[in-house]
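In what follows, a structure is listed as structure tokens, so that the remarks can point back to it.
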Amino acid sequence: MAVDIEELIILPFREVVERGKEATTNAEEAQNEDPEQAKQMMKFATMITKEGERALKRLQPLWDNQVEKHGDMFKEIIADNDEIAEKRRVLEELLYDFEDFIELGTFDSSKFAEVQAATRSFALDVLDSIKRMKIETKTPTTPLPARTGTAVAEW
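With this note's numbering as the guide, the letters of the sequence shown map in order to residues 9 to 163.
As structure tokens, then:
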């Protein structure tokens, strides 16, 4: 069974939030080991957590609204958008081994900065695509047959 496009778009942002919170917890627990490093890690963890939350806060209502209006047609258009797919792949590649950098001993601020930038870029592309998207609903091209000699009841 194919993965729902909503999962492909929304799930990476949830994972960013989750990894950011894990890094924050790890930094808090390691404050006695290396206070300065823990402080840096907490700062970067907070940055990516906020970036993921910001993306979800802006995307989810817009996404839900478009799905309600256009259903599967909206999802198909998003699924076929190569720019969005590429940005998603970039973020997913960064998240793939990101857990290796959320411990105090392996903390790498550049990895956090990369995740933050990729999260923002992906979110802004999705938002822009959704806002600019035009979905035309098809209306019947053949006129309905005229009713002659029949009564229409109104309730």
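All C-beta atoms in this analysis are idealised placements derived from N, C-alpha and C, irrespective of residue type, glycine included.
Discussion item. Going by DSSP in three states, D136 sits in which element: helix, strand or coil?
Written reply: Position 128 of the sequence shown, counting from 1, holds the residue named residue 136. In the three-state DSSP reduction, D136 falls in the helix class (H, G or I).
Worksheet item: In whole angstroms, what separates the C-alpha of N73 from that of E30?
Response: The count along the sequence shown starts at 1 and reaches residue 73 at position 65. The count along the sequence shown starts at 1 and reaches residue 30 at position 22. If you take the alpha carbons of N73 and E30, they lie about 31 Å apart.
Discussion item. Quick check: the Cα distance between E59 and D105, rounded to an integer number of angstroms?
Written reply: Position 51 of the sequence shown holds residue 59. Position 97 of the sequence shown holds residue 105. Those two C-alpha atoms are separated by around 19 Å.
Discussion item. Suppose you measure from the CA of N40 to the CA of M50; what does that come to, to the nearest Å?
Written reply: Along the sequence shown, read from residue 1 onward, the residue named residue 40 stands at position 32. Along the sequence shown, read from residue 1 onward, the residue named residue 50 stands at position 42. Looking at the two C-alpha atoms, the distance is approximately 13 Å.
Discussion item. I need the DSSP call for A159, collapsed to helix, strand or coil.
Written reply: What you label residue 159 is simply residue 151 of the sequence shown in a count that begins at 1. Residue placement at A159 is flagged as unreliable, the pLDDT there being 43, under the threshold of 50; the coordinate-derived value follows with that caveat. Under the three-state reduction of DSSP output, A159 falls in the coil class, being neither helix nor strand.
Worksheet item: The alpha helix (DSSP H) with Q45 in it runs from where to where?
Response: The count along the sequence shown starts at 1 and reaches residue 45 at position 37. First-last of the alpha helix (DSSP H) with Q45: P43 to H78.
Worksheet item: Taking the C-alpha atoms as reference points, what is the distance between E162 and E76?
Response: Translated into positions along the sequence shown, residue 162 becomes position 154. Translated into positions along the sequence shown, residue 76 becomes position 68. In this prediction, E162 has a pLDDT of 40, which is less than 50 and means its spatial position is unreliable; nothing more can be read from the coordinates.
Worksheet entry | Cβ-Cβ distance between L103 and E15 below 7 Å | Working through the sequence shown from its first residue, we reach residue 103 at position 95. Working through the sequence shown from its first residue, we reach residue 15 at position 7. When the beta-carbon positions are compared, L103 and E15 stay at least 7 Å from each other.
Item to complete: For the alpha helix (DSSP H) containing F21, list its first residue and its last residue.
Response: Here residue 21 corresponds to residue number 13 of the sequence shown, with the count starting at 1. Counting along the chain, F21 sits inside the alpha helix (DSSP H) bounded by residues I13 to E37.
Worksheet entry | D88 to F120 span [Cα, whole Å] | On the sequence shown, position 80 is the one that residue 88 refers to. On the sequence shown, position 112 is the one that residue 120 refers to. Approximately 29 Å, taken between the alpha carbons.
Worksheet item: P20: which of R96, K139, W71 and E36 sits nearest, CA to CA?
Response: On the sequence shown, residue 20 is found 12 positions in, with the first residue counted as 1. Answer by Cα proximity: R96.
Discussion item. Output needed for E100: all residues of its chain with C-beta closer than 8 Å, excluding positions within five of it in sequence on either side, in chain order.
Written reply: In the sequence shown, counting from the first residue as 1, residue 100 sits at position 92. Excluding sequence neighbours, E100 sits near P20.
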